[in-house]
Amino acid sequence: MARADSLAKLAFAYGVHLTRRRLTRPRSQVTKLLETYAADGIRPLLKEERERHPQLIGCINCGLCALAAARIGSVRLPDLATSYMRLYARLGEAGSDLSGDSPELEAASAACPVGVPLGEVTAIVRRLAAG
Amino acid sequence: MSAPSAHDVCVIGGGVTGAGIARDLSLRGLSVLLVEKGDWGGGTTGSSSWMIHGGPRYLEFDWDTTRLSTQDAGYIVSMARNMVYRVVFIIPVLPHDRNNIERMETAMEVYDRFQPLKHAHPHVRLTAEEARQVEPGLAADVIGAVTMEEWGVDPHRLVFANVQDAIAHGARALNHTRVLDLLRDGGKVIGVRYRGPDGATSEARAKVVVNAAGPWVPEISRMAGATVQLRPAKGVHIVYPHRISNFSISAESIDGRDLLMVSHAGFTLLGTTDDDFYGDLDSVDVLEDEVDYLLQAFERVFPSIRAYRPVRTTAGVRPTLFKWRRYEDELSRRYAVIDHSPDGADGFVTIAGGKLSMYRLMAEETSDVVCRMLGHQAPCVTATRPLPGNESDVEPPPELGRRCGITTLAAMKLQSRHGSNAAAVLQDARSGRMVCRCEPITEAELAHAARHEQVRTLADAFRRVGLAAGPCAGGACVLRAAAVIGSELGWSAAQRFDAAREFLRGAWLGRAPVLGHMGWAQEEMAIGAHRGLTN
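So this is what it looks like as structure tokens:
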């Protein structure tokens, strides 16, 4: 009975929806979506970032990059690729941890056994943390 | 055996429902004993999708369940602010999907009527291009999408916050304590016999015994001579140690089921299966077939999914109410509170079925029944009373970080677990020393968990503070964590090694079904690091 009632109500809502679609002109809602959730740190990746993303989050936390270049801002280098990249856009105020000099990221990337490009990681974390 | 303790109520089962009942009854002024055979939230609760949601799919079956769960989700969001966060789904529509874009938007329009109950925003509709602007990883043949908002939650912290509040109001809460039998006096259940973590057997007398054991409900009921039939259903998730996308994504499986890739605070859950389960509830394995079933569905809408490295799987069993001749997916998520007096078991109550989003309501209704049985008159206050850590606003994370010598990110994560009590957790000289860098977790927090949060094993620490939940899966931190917890609990060096070995063995069982190429790189590093342990 509950199911029949639910399906009947959905069928009615479907009729109302189709009628409304015929009578109103659709408008883009994507800006509204992005503005609504920007405060929650929910922001999209760029197309090129998306393509590289599996490589950017490949860190296995072995710590070898820290031997080549210790810190970026107040953050130990392996932590950038693990904990900061875990959250990426939801970094909020934690972006301030990364302010300061960038170390020898190329040397650090060369030491990485799984090939995480730390320069790119730094760029994406900084971009998304800035909002 | 020591003399039995005496209580008004004994609650069996330390999942979110049992913990919620213990909290509710304690706040009503009753003396409560809560017993859990494993760790708090270690069963069905911890294996959930980590969401408090209304369940728009129940709109096809039962609008009442959707209404009740959105309403209760709203209460949970208000009382557990530190541990909830918004989860925004993109629901892409592909050619030949079961529901076309108009049907999908109709469902979301109906769901929007319930969204204000849980402080969520209404849906928006996206064209194919807009959908790929929001999530560039979507498949090229997506023809449009709608969005849907839900709330994510850390269920382990939610359970423990309920336990903490129950203890603060006089309850006694024992984890790693298995009920061996119910004490009976003729047709009345008068208490429980249990074995504690030290192996000692004890008895506790109670005027009412509540069976909130989730999928183990039938087993406990049999001890009282009562029969409760469930239709247990196994649910499997794949866990990725990062947010793969900032927007969660839904996908249709090969058999037409709705699956979800849920972006949580620092990790992604992809699931879930829903299959009748007939096996051993204490040993639920994940099969490679189940992993493939999930990946196949997501590859269709998010083609790069196989390029990501999962770190483990979770498996749990839902305590669904029994119904014959229905597919698992069509089963109601309703619950039932059963007074077993007519079965010849006076003083014995079972709560069965339900879902995480409705746990508070389930606890309230069960507590109402218990209070009626005891002739106790006190109103439920759990809908408005904040959980521990939510009594006041948190201080700005950069300030907490500076004061305690930790990064802002570490301060944010600490507050997500402890809310406004975060600073108190760091009242320790070791506040700035990190144990788990992926999460991140300080030595001080881990020591606090062992001292004040009933952490007895490394797996308990995983649940309480997220130890080893990150990309290294414990490879870099498990030995150090064993040393910190061991020094609090008085473990010998051998016990510390045993604890680390036991944790790694358990973690391996969840990781083996999802190890790909990159996973093996991680695994080899961990094996090398722990070689001394395994010899």
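Protein chains in written order, with our numbering: chain A, 1 to 131; chain B, 1001 to 1535. Every residue, glycine too, gets a C-beta built ideally from N, C-alpha and C. Being a predicted model, the structure only gives us computed values, none of them experimental.
For residue i, is the classification buried or exposed, using 16 other Cβ atoms within 10 angstroms of its Cβ as the cut-off for buried?
i	result
arginine 90 of chain A	buried
phenylalanine 12 of chain A	exposed
glycine 100 of chain A	exposed
isoleucine 1012 of chain B	buried
asparagine 1535 of chain B	Residue placement at asparagine 1535 of chain B cannot be trusted, given a pLDDT of 49 that sits under 50; the coordinates are not used to answer.
valine 116 of chain A	buried
tyrosine 1359 of chain B	buried
arginine 1442 of chain B	Note on residue identity: the sequence assigns threonine, not arginine, to residue 1442 of chain B. Per the 10 Å Cβ criterion, buried.
tyrosine 1240 of chain B	buried
glutamine 1377 of chain B	exposed
glycine 1537 of chain B	A question about residue 1537 of chain B goes unanswered here, because the residues of chain B that appear run from 1001 up to 1535.
valine 121 of chain A	buried
leucine 1458 of chain B	buried
serine 1283 of chain B	exposed
leucine 67 of chain A	exposed
glutamate 1219 of chain B	exposed
arginine 1559 of chain B	Nothing can be reported for residue 1559 of chain B: it is not among the residues displayed for chain B, which extend from 1001 to 1535.
threonine 19 of chain A	exposed
arginine 1222 of chain B	exposed
arginine 1403 of chain B	exposed
isoleucine 1244 of chain B	buried
glutamine 1454 of chain B	buried
glutamate 106 of chain A	exposed
proline 1303 of chain B	exposed
Leaving out the 5 sequence neighbours to the left and right, which residues in its chain are closer than 7 Å to residue i when beta-carbon positions are compared?
i	result
serine 1367 of chain B	Ile1021, Asp1024, Leu1025, Arg1028, Cys1380
leucine 98 of chain A	Ile72, Gly73, Val75, Val125, Arg126, Ala129
methionine 1525 of chain B	Gly1475
leucine 1361 of chain B	Leu1068, Asp1072
alanine 1006 of chain B	Arg1205
alanine 1450 of chain B	Ile1485, Glu1488, Leu1489
arginine 1178 of chain B	Lys1037, Tyr1194, Arg1195
Identify, in the order they occur along the chain, each residue of the same chain with its Cβ nearer than 6 Å to the Cβ of residue i, setting aside the five sequence neighbours on each side.
i	result
glycine 1510 of chain B	Arg1312, Thr1313
arginine 1125 of chain B	Glu1105, Val1146
proline 1397 of chain B	Thr1408, Ala1411, Met1412
threonine 1436 of chain B	For the sequence presented, residue 1436 of chain B should be read as cysteine rather than threonine. Taken in chain order, the residues that qualify are Leu1467, Cys1477.
serine 1392 of chain B	Ser1420
serine 109 of chain A	Pro117, Leu118
cysteine 1472 of chain B	Cys1438
valine 1337 of chain B	Ile1351, Glu1365, Thr1366, Val1369
aspartate 1343 of chain B	Ala1226
leucine 1504 of chain B	none
Output needed for residue i: all residues of its chain with C-beta closer than 8 Å, excluding positions within five of it in sequence on either side, in chain order.
i	result
threonine 1044 of chain B	Gly1015, Gly1214, Pro1215, Gly1316, Val1317, Arg1318, Pro1319
phenylalanine 1298 of chain B	Ile1249, Ala1251, Leu1259, Met1261, Leu1270, Ile1305
glycine 1490 of chain B	none
glutamine 1415 of chain B	Asn1082, Val1394, Pro1397, Leu1400, Ala1422
Report, in whole angstroms, the separation of the C-beta atoms of residue i and residue j, which I expect to be a contact under 8 Å.
i	j	result
serine 1002 of chain B	serine 1202 of chain B	6 Å
alanine 1447 of chain B	glutamate 1488 of chain B	5 Å
valine 1217 of chain B	valine 1228 of chain B	5 Å
glycine 1506 of chain B	arginine 1496 of chain B	In fact, because the Cβ distance is near 16 Å, the residues do not count as touching under 8 Å.
glycine 1191 of chain B	alanine 1345 of chain B	That pair is no contact at about 13 Å.
tyrosine 1111 of chain B	glycine 1054 of chain B	7 Å
alanine 1139 of chain B	leucine 1094 of chain B	7 Å
histidine 1242 of chain B	arginine 52 of chain A	That belief does not hold up - the Cβ atoms of histidine 1242 of chain B and arginine 52 of chain A are roughly 14 Å apart, past 8 Å.
phenylalanine 1348 of chain B	valine 1189 of chain B	4 Å
Cβ contact check for the segment 1138-1150 of chain B and the segment 1164-1171 of chain B: 3 or more pairs under 8 Å: Output reads no: the segment 1164-1171 of chain B does not touch the segment 1138-1150 of chain B.
For the segment 33-44 of chain A and the segment 1082-1094 of chain B, state whether three or more C-beta atom pairs, one from each stretch, are separated by less than 8 Å. Judged by Cβ distances under 8 Å, the segment 33-44 of chain A makes contact with the segment 1082-1094 of chain B, as three or more pairs qualify.
Is there contact here, the segment 1229-1236 of chain B with the segment 1269-1285 of chain B, by at least three beta-carbon pairs under 8 Å? Short answer: they touch.
Quick test of the definition: if touching needs 3 or more C-beta pairs under 8 Å, does the segment 1061-1074 of chain B touch the segment 1400-1409 of chain B? In short, these stretches do not touch, since the Cβ pair count stays below three.
Of all the residues that make up the segment 1298-1323 of chain B, which are near chain A by a beta-carbon distance shorter than 8 Å? Residues passing the 8 Å Cβ filter: Ser1304, Ala1307, Tyr1308, Arg1309.
According to a CB-to-CB cut-off of less than 9 Å, which residues of the segment 77-108 of chain A neighbour chain B? So the list reads Pro78, Asp79, Ala81, Thr82, Ser83, Tyr84, Met85, Arg86, Leu87, Tyr88, Ala89, Arg90, Leu91, Gly92, Glu93, Ala94, Gly95, Ser96, Asp97, given in the order they occur along the chain.
Taking only beta carbons into account, state which residues of the segment 1106-1123 of chain B come closer than 8 Å to chain A, listed in chain order. Result list: Thr1106, Ala1107, Glu1109, Val1110, His1121.
At a CB distance below 7 Å, what residues from the segment 1127-1148 of chain B approach chain A? Give them in sequence order. Listed by position along the chain: Glu1130, Gln1133, Val1134, Glu1135, Pro1136, Gly1137, Thr1147.
Looking at chain A, which residues of the segment 1387-1398 of chain B have a Cβ within less than 9 Å of any of its Cβ atoms? Taking 9 Å as the Cβ-Cβ cut-off, the segment 1387-1398 of chain B approaches chain A at Pro1396, Pro1397, Pro1398, given in chain order.
Inspect the CB distances between the segment 41-60 of chain A and the segment 1130-1146 of chain B and report whether three or more fall short of 8 Å. Yes, they touch.
Along the segment 1241-1270 of chain B, what residues have a CB closer than 9 Å to any CB found in chain A? The residues in question are Pro1241, His1242, Arg1243, Ile1244, Ser1245, Asn1246, Phe1247, Ser1263, Ala1265, Gly1266, Phe1267.
Give me the subset of the segment 1468-1498 of chain B whose CB atoms are less than 8 Å from a CB atom of chain A, sorted by chain position. The segment 1468-1498 of chain B vs chain A, Cβ under 8 Å: Gly1470, Pro1471, Cys1472, Gly1475, Ala1476.
If contact is defined by three or more beta carbon pairs under 8 Å, each pair taking one atom from either stretch, is the segment 1155-1164 of chain B in contact with the segment 1040-1055 of chain B? Touching, yes, given that three or more Cβ pairs across the two stretches are closer than 8 Å.
Members of the segment 1430-1452 of chain B that neighbour chain A once the beta carbon cut-off is set at 8 Å: Cβ contacts with chain A: Arg1437, Cys1438, Glu1439, Pro1440.
Output, in sequence order along the chain, the residues in the segment 1051-1063 of chain B whose CB is closer than 7 Å to any CB in chain A. Within the segment 1051-1063 of chain B, the residues whose Cβ lies closer than 7 Å to some Cβ of chain A are Leu1059, Glu1060, Phe1061, Asp1062, Trp1063, listed in chain order.
To be precise: take each residue of the segment 1150-1172 of chain B, compare its Cβ to all Cβ atoms of chain A, and keep it if any distance is under 8 Å. Which residues remain? Listed by position along the chain: nothing, the set is empty.
Quick one, which residues of the segment 1009-1040 of chain B are near chain A if we go by CB-CB under 7 Å, in chain order? Contacts with chain A (Cβ-Cβ distance below 7 Å) from the segment 1009-1040 of chain B involve no residue at all.
What residues from the segment 1401-1427 of chain B come within 9 Å of chain A, judged by C-beta to C-beta, listed N to C? Listed by position along the chain: Gly1401, Thr1407, Thr1408, Leu1409, Ala1410, Ala1411, Met1412, Lys1413.
Closer than 8 Å, Cβ to Cβ, to anything on chain A: give me those residues from the segment 1079-1091 of chain B, in chain order. Those would be Tyr1085, Arg1086, Val1088, in chain order.
Would you list, in chain order, the members of the segment 1321-1341 of chain B that have their beta-carbon closer than 9 Å to a beta-carbon of chain A? Residues of the segment 1321-1341 of chain B whose Cβ lies closer than 9 Å to any Cβ of chain A, in chain order: Glu1330, Ser1332.
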